[in-house]
Each structure stands twice: as structure tokens, then as C-alpha cells.
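Presented below is the structure to which this report refers.
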Amino acid sequence: MNAWRVAATKLLLLAMLATAAHGGTPSAASVGESIYLRGILSSGAPLEGTREAGTTAHAADAACVNCHQRSGLGSREGNLSTPPITGDYLFHEHTHGPAEPVLPYVESMRHREPYTDATLARAIREGVDPTGRQLSYLMPRFTIGDSDMAALIEYLKKLAVHRVPGVTDSVLHFATVFTPDADPAKREGVRTVLEQFFAEKNKFPFGPSPRMWTSDKTAYSKSMYMAKRRWQLHEWQLTGPASSWRAQLDKLLTEEPVFAVLSGVGGSNWAPVHEFCEEQALPCLFPNVEVPVVADRDFYSVYFSKGVLLEAQLIGQSIVGSDHQVAPRLVQQIYRAGDSGEPAAAALAKQLEQHGISVRSESLPPGPAGRGLAAALRAAARSDVIVLWLRPGEIAALGPAPRGSQIVYVSGLMGGLESTPLPAAWRPQTHLAYPFDLPDRRGVRLDYPLGWFKFRHIPVLAQQAQADTYLACSLIADVLNNHMADSASRAYLIEQLQGMLERRIMTGYYPHLALAINQRFASKGGYIAHFSDVPGDRLVADSAWLTP
Amino acid sequence: MLASRATVHANHDLTRWVMISVLALVTLLPPPASAGGVPGPQAAVNSAPARHTLITTSRYTLPAILLVRDDDKTVSLPEEVNDGRPVVLNFVFTTCSSICPVMSQVFAQFQQKLGAASEQVHLMSISVDPEEDTPARLREYARKFHAGPGWQHYTGTLEASLAAQRAFNVWRGDKMSHSPVTLLRRAPDQPWVRIDGFVTPDELLQTYRGLSGPSGGETLATR
Chain A
0 MNAWRVAATK LLLLAMLATA AHGGTPSAAS VGESIYLRGI LSSGAPLEGT
50 REAGTTAHAA DAACVNCHQR SGLGSREGNL STPPITGDYL FHEHTHGPAE
100 PVLPYVESMR HREPYTDATL ARAIREGVDP TGRQLSYLMP RFTIGDSDMA
150 ALIEYLKKLA VHRVPGVTDS VLHFATVFTP DADPAKREGV RTVLEQFFAE
200 KNKFPFGPSP RMWTSDKTAY SKSMYMAKRR WQLHEWQLTG PASSWRAQLD
250 KLLTEEPVFA VLSGVGGSNW APVHEFCEEQ ALPCLFPNVE VPVVADRDFY
300 SVYFSKGVLL EAQLIGQSIV GSDHQVAPRL VQQIYRAGDS GEPAAAALAK
350 QLEQHGISVR SESLPPGPAG RGLAAALRAA ARSDVIVLWL RPGEIAALGP
400 APRGSQIVYV SGLMGGLEST PLPAAWRPQT HLAYPFDLPD RRGVRLDYPL
450 GWFKFRHIPV LAQQAQADTY LACSLIADVL NNHMADSASR AYLIEQLQGM
500 LERRIMTGYY PHLALAINQR FASKGGYIAH FSDVPGDRLV ADSAWLTP
Chain B
0 MLASRATVHA NHDLTRWVMI SVLALVTLLP PPASAGGVPG PQAAVNSAPA
50 RHTLITTSRY TLPAILLVRD DDKTVSLPEE VNDGRPVVLN FVFTTCSSIC
100 PVMSQVFAQF QQKLGAASEQ VHLMSISVDP EEDTPARLRE YARKFHAGPG
150 WQHYTGTLEA SLAAQRAFNV WRGDKMSHSP VTLLRRAPDQ PWVRIDGFVT
200 PDELLQTYRG LSGPSGGETL ATR
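Residue numbers (numbering that gives the first Met the number 0), protein chains in the order written: chain A, 0 to 547; chain B, 0 to 222.
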């Protein structure tokens, strides 16, 4: 098929989809959304904005979402303030005085006379607000025709913070998701932490004290129900094959509407949950998963790290950036089919092959630990490097040490981190991927959560997952209590989290955390480490913290 | 350690400042009638300029930190800055969607305006989000803005990026609070000219030409 026909078919398809969805011409909502989120006009042409003296904004870079955010509530960053532009903030009379204001407090909100459709169109095209004030340089002056403008304004009106499912005047509903292939000990440990955290949050609501707010904000203190609401946890235990999870999730969400999905435990396949959250526009906050979904355009899922995919990058960087005397030419990977090592091995193979290194990946048949392992190890005898994506039971049973010149890498996440039961004979030549801060460096940051577990007699069944769960809960409590006033918008929750994370001092297993618009992995690096000579679990970093 | 020493040395000898203000259009609409004659809250904002920049000169002591350039080479910040060419420097990050694209576009247009001389000016963009901004990501970002050979992007460890930001007094607590600053210097013995706020490509060119004049840093662009 030639390019023209492909394009024509695509257009036709698009038109049909749009018509099918809205029973007529493409709806104003979808045009408005496409201008706002992607910078594409109804004609398919790119949105164009200009600024004084020739800088321009074009297509996706011109889209309103870049500055006013997905929620439409804007942001306040340093001395740069981008105002909220949802319909309620633009069109409402802002009462300014002792009376309770109509709208939830947003840091960058403006006090000016309300817009009309006409003055709003003028603001977007000419950069002049209803009082005649010129909008600042950063806000582009856009070229948008009348019908597209009407659609955009319609979209802004719809963005207004309405009632959000899962939020009532007194309760915030959260779900946590456990997939059937989740490790039972991890699930039990995580569940206990969640239940305890929610119980305490409700017993001692720790909202911001009105005094914390400066005079201009106190007018809004009455509307700060975010902090005052009780939290309710819904545990969503999925069953059966992964292909059936989506239907289960949709049903659960209909029966128990929630504001966000918090923590949870997955096995090697989290994709159905990730996709569910994206499609339902539901925040999916810090699940305990080894294989998160890496998708550049997604927004609602936020993870602590890329898990085994980060390990693959760390191992790859270590192999390629060879401090080894002889550059490795042949790398042998071993993983068990269906386990988390499978996607990690695929990612590493791709990375190494780009550097001209041959990779052989041995997939062990699914089944009991140990099956096929001895044969795979024998086959690995001729390689320069062995990479093992294996569970503790298999690591413990590795057998005789490999040839002295072979270098071995082990997934720390899968093998058990510093408790990886690596046989003594393997230790001298083995390196562990370690996507966290090292044990002797993170001590202080973990004292608090570990003390919290101990004091409450919470059994430590999976320390890292439980500490991450505690961290996730306290982060979300911080965002809701201190950064959200009463704007119960799901997108705004993600945006405020992106903005505040970098300043957190208590970051658990991670040396630091940070996010931004278009970032979904809060910790970006890790170590390649080895066990020190002394018997025990002391790890020594091969090099500095790596951010591949 | 390095960083705090650098901050102390960042010596703001404010020799001269010029405010460029492109003032708001004269009010187009009559002011809204406010009930009971109470002035509306919008009265105060009306006078805010649409864009203003503040130009100052300063001397900064640069710490001997290592950065990773977008060609994967590890380089020293002072050596990159003192490579014999005039320097124009800013701080950006690749996932920044509001102010950075504007700053990078200004660099791109400035570089174009320099024409044949463009390689004789060293443009440096240092990432304030170095863990996310790998050299590969920086290359992709540079390509997007059609960066010519005289323009390099830099990353490194978080500590190194922080030290660089502190040395130039641009660190504001986190990357989210990062604000538009452009720094120019003609030669190592000259002071830095610092432009706070959004500069246009033409103003940047004017300021740069002012640097290169016979009296060096004394000739600043005004408007």
C-alpha cells in the first residue's frame, strides 16, 4: 500500500471512530481535548502560538497541558505562576472577603473579574485578560479559528473540578490491587502496613493546622476537606488468568468507586492494571512491582523505579563500560519463562546487541525451582559473562563455581538483595544489581519506618516492599494534607506529587526521589555491588551511584 | 562542601543594572465597576509588566567539578567555561515543558543570528535534572532545537549539577522552582553578565555584542 492510501485509510478510520463515538460530527470535547493535550487542531494542523520577538510554540510543545497541566489547575513553581484555567476559575465571580469562597484554593489562582467566552477567546488569541492586563511573555498568543476556539472553551468548562468518584464530603476511597501471581509473603506484609496506616490516619487525622496558612490562604481553610476526610481502603484481590483481570477491575471500580489506587503487589505482569488506570484516569501510586510498564505518554501510573528493567540497564552499563581487562564478547543470560527475568533479559539483550556484544538467553521451562538450571549453566561455560535472573531457591542451588575468568551478574531484586543466598564459591566473581541505596547508607532513612513496624508488632515479611508501602502512604498523605486544599482532582494529585517529591527528606530505600511532568519513575539509579570478603551480607559498591 | 564554598564566593558586585520592561498595553477596557466603590482586587495586578529582565554583572568562583558532556565525555566545568571562547550559559532540563523550551529556542535563534561566527561562541546548557537527563537524552533534546556545533549540553551527578547551580547562584531549592537565567562572559578575566528573566534572541545578541565591544563588560545592551 502506498503512503497516500495508508494516510487516507487512517483518516477515514479516525473520522469513523469520531463519528461512531459521538453519533455525528467530531465532538467539541474531542477537538478541545486534542488542542489542550496534544496541540492538534480539528483540521489535523498543528497548534501555533507566538511570543513577542519571535519565539514560537508549535504542535505538542504549544499544547496548554505543558503549562496549565492536565488538571487545568496550573502550577506555582518558584516565581513562575501559571493560573488555573478550568471553567470554574475562569468564569466565576471570585468573592474576595470574609465570605467563604466558592472555589477551592489553588496556589496560582487569580483575582480578577470573570471571563466571558468572548474575553476568553481574546485572552487566548491576543493575551489580554478581562481587565485589559497583558498576559505575561510565557503565555503564547495562539492562532485558533472560531469553531476550534469554541471547542477549546467547551473543554475548559468541562475540566472544572466536579464531583470526583471515590470522594465524598467525609471519605476518600482508595483501592489497593493484588494480582494472583503476587508473592504471598509480600502481599501479606504490604496489606498489614496499609491497614495499619489507614487505621492510624483515621484515628489521628493530621491535617494542616489553620495557623500554617498565611493570611491570604486562611480564607480558604474551611474548604480544606482533603486533609480532614477519613481514608477508606478497598482491597482488590484479582483471580484467574491475566486476560480476565481487566474485566474484574472495571467491575470493582463500578461497585466501589475510588479516588486512587495506592500501593498493591504484582507479579511479573502488571500491564493490565497499568492500562486500566490509564484508561480510567485513575492514579495508580507506587505499586510494588518488579516489571513496571514503561510508556512515554502515560500519566496516571507512578512507580518508585523501573525495577528489573533498571537492573538490566545497570548491568548493561557495567558490561559495556567495561572496567574488565578483556572486553566481553559473549553474554549468556538465564531466566525462567514467565517470570520477571524474561522482560529484563529481553531489554538487556537489546541493549548489548547495540554495542556489538553477542547475547544468548536461555529460558528455563516454567516449573519447579531448579528444573533445567544445571544444563543451562553447563551451556554457559563458554561465555565471558553470565547474567542470572533467578529466585533465591535457585541461586542457593547454583552448584560448582564458574570458570575463574567469567563474570557473573545477578538480579538483586529477584535474588533477594543483600540476602541473596549466593554460594560462597560464586561470591568472588559475582556482581549484584542493586536498584536502591546500599544498606549501610540508607540506615537513618529507614529507622523511622522500621521502628514504626516494630512498635506496632507488624511482622517484617518483605522489608523492602513494606518500607516502600509505608513511604507511598506517607507521601500521599503529605500531598493530600499539604498540597491539595480541596481540589479533589485525580490529575492534580499526580501533578502535586510530581512537584513536591524532590524536597522530601524521608525517602526510605532510595537516596532521593524526584518527578516532573512526563516522568513516572521517581528513583532513577542504582548500584552494581559485590559481597565483601567477610562472610555475611555486607555489600560493597563497585562504583558510584549509576543513572543509566 | 564544594558547593557551599562556591556560594560564599559568588560575589555579586552589582556594578550596574538595567531593567528592560515591555509594559502592559494601556488598559483596553474600562475598569470594572465594583460594588460600593471598593476597589477590585485586580487593581494591583494591572500594572504588572508582561516581561521584564534584570541585567547585572557578577564574578563567580567556579568549583572544580566534573560534568558529563552530551558526547559522553567527562569534562571539568572550569575548563569548559575557559576554553578560549566567549561563553553563553543557561540551566535547563529535558522534561521541563514550560520555560525550558523557550530558553532553548532563544539559544537556537541566537546561534543562528551569529551566523558564520556561531562556532566561536560557546553555548552551554547544564541540566538541573541530571539523573533523568542522560547524555543520550541531552543529544535528543539538542537535536530537537537544532543545536549547532558550538552548543553543548551537560549532565553529571546530582551533586555536580547542584554545585554548578549554586556557583552561579541559580539554585532555588528544587528543579521545579528553576527560573530563567542567562549568563554571558567574554573571557576568563571578565565579569559575568547575568540576565534574569526571559531574554529575546535579539536582546541576547545585543548583550553579547556589548560584551565584545572595546570596553568589554562595561558596554551593556539597553533598550
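Even glycine gets a Cβ: it sits at the ideal position worked out from N, Cα and C.
Item checked: Contact list for the stretch 120-140 of chain B against chain A, Cβ threshold 8 Å -> D128, P129, E130, E131 and T133
Use the C-beta contact count for L538/A: other C-beta atoms within 10 angstroms, 16 or more gives buried, fewer gives exposed.
-> buried
Where the alpha helix (DSSP H) containing T468/A begins and where it ends:
Q462 to N481
Handout entry: Identity of the residue in D82/B, T156/B, M102/B and F109/B nearest L137/A by Cα
Key = M102/B
Please specify which runs of the alpha helix (DSSP H), each continuous and at least 4 residues long, are wholly inside the stretch 476-542 of chain A, giving them in chain order. 489-499
Classify L308/A as helix, strand or coil using the three-state DSSP reduction.
-> helix
Is the Cβ-Cβ distance between E501/A and R69/A less than 8 Å? no
Checking 8 Å against the spacing of the C-beta atoms, do T175/A and S304/A come in under that value? no
**Prompt:** A52/A CB to nearest chain B CB: under 8 Å?
**Reply:** yes
Margin query: Can you check which of these residues, T429/A, A461/A, Y154/A and Q497/A, is closest to S531/A by C-alpha distance?
Written below: T429/A
inquiry  = For V407/A, count the other beta carbons within 10 Å of its own beta carbon; 16 or more makes it buried, fewer makes it exposed. Which is it?
reply    = buried
Assigned secondary structure, C95/B (DSSP; H/G/I helix, E/B strand, else coil): coil
- Query: Taking Cβ positions only, does R50/B come closer than 8 Å to chain A?
  - Reply: yes
inquiry  = Can you check whether the C-beta of Y207/B is within less than 8 Å of a C-beta belonging to chain A?
reply    = no
Quiz prompt | Bounding residues of the beta strand (DSSP E) (the contiguous stretch that carries M148/A) | solution = M148/A -> not in any beta strand (DSSP E); alpha helix (DSSP H) instead, spanning D145 to L158.
Beta-bridge partners of Q331/A, as assigned by DSSP
R359/A and I385/A
**Message:** Is the separation between the beta-carbon of G265/A and that of T191/A shorter than 8 Å?
**Reply:** no
Within chain A, the residues that I98/B reaches when beta carbons sit closer than 7 Å:
L79 and L137
Query - chain A contact for R171/B (CB, 8 Å cutoff) - result: yes
Going by beta-carbon coordinates alone, are T154/B and P179/B separated by less than 8 Å?
no
Unbroken alpha helix (DSSP H) run spanning H273/A, endpoints
A270 to Q279
For this session: Give me whichever residues DSSP pairs with S124/B in a beta bridge.
Result: N89/B and H152/B
CB contact below 8 Å: Y219/A versus chain B: Summary for Y219/A: the model assigns pLDDT 49, below 50, so the residue's position carries little reliability, and this model does not support an answer.
Note to self: Spatial neighbours of L496/A within its chain, please: C-beta separation below 6 Å, excluding the five flanking residues on both sides.
What the structure shows: V478
query: Applying a beta-carbon distance threshold of less than 7 Å, which residues of chain A neighbour V101/B?
result: T54 and L137
*asked:* Can you pull out the residues from the stretch 184-210 of chain B whose beta carbon lies closer than 8 Å to at least one beta carbon of chain A?
replied: F197, T199, P200, D201 and E202
Checklist line | Cβ-Cβ distance between Q279/A and L252/A below 8 Å | finding: yes
Original post:
Given a threshold of 16 other Cβ atoms within 10 Å of its Cβ, counted over all protein chains shown, does V170/A qualify as buried or as exposed?
Top reply: exposed
* To do: Using alpha carbons as the reference points, say which of R185/B, E118/B and Q164/B lies closest to S176/B.
  => Q164/B
- Residues of chain A with a CB under 8 Å from the CB of K174/B: which are they? E501, A513 and A515
query: So which residues on chain B does T85/A lean against when the C-beta distance must stay under 7 Å?
result: Within chain B, no residue comes near T85/A; the closest Cβ sits about 18 Å away, beyond 7 Å.
Any beta carbon from chain C within less than 8 Å of T175/A's own beta carbon?
Among the protein chains of the structure shown, namely A and B, there is no chain C.
**Q.** Cβ pair count under 8 Å reaching 3, the stretch 439-452 of chain A against the stretch 326-337 of chain A
**A.** no
*DSSP state of C283/A, grouped into three classes?*
strand
Leaving aside the five residues before and after A2/B along the sequence, list all residues of the same chain whose C-beta is less than 8 Å from its C-beta, in chain order. The predicted position of A2/B is uncertain, since its pLDDT is 34 and thus under 50; a value taken from the coordinates is nonetheless stated next. Here the set comprises P62, E158, L161, A162, R165 and A166.
| Hey, is R75/A close to the ligand HEM, as in C-beta under 7 Å from one of its heavy atoms? | The model depicted lacks the ligand HEM and carries no ligand whatsoever.
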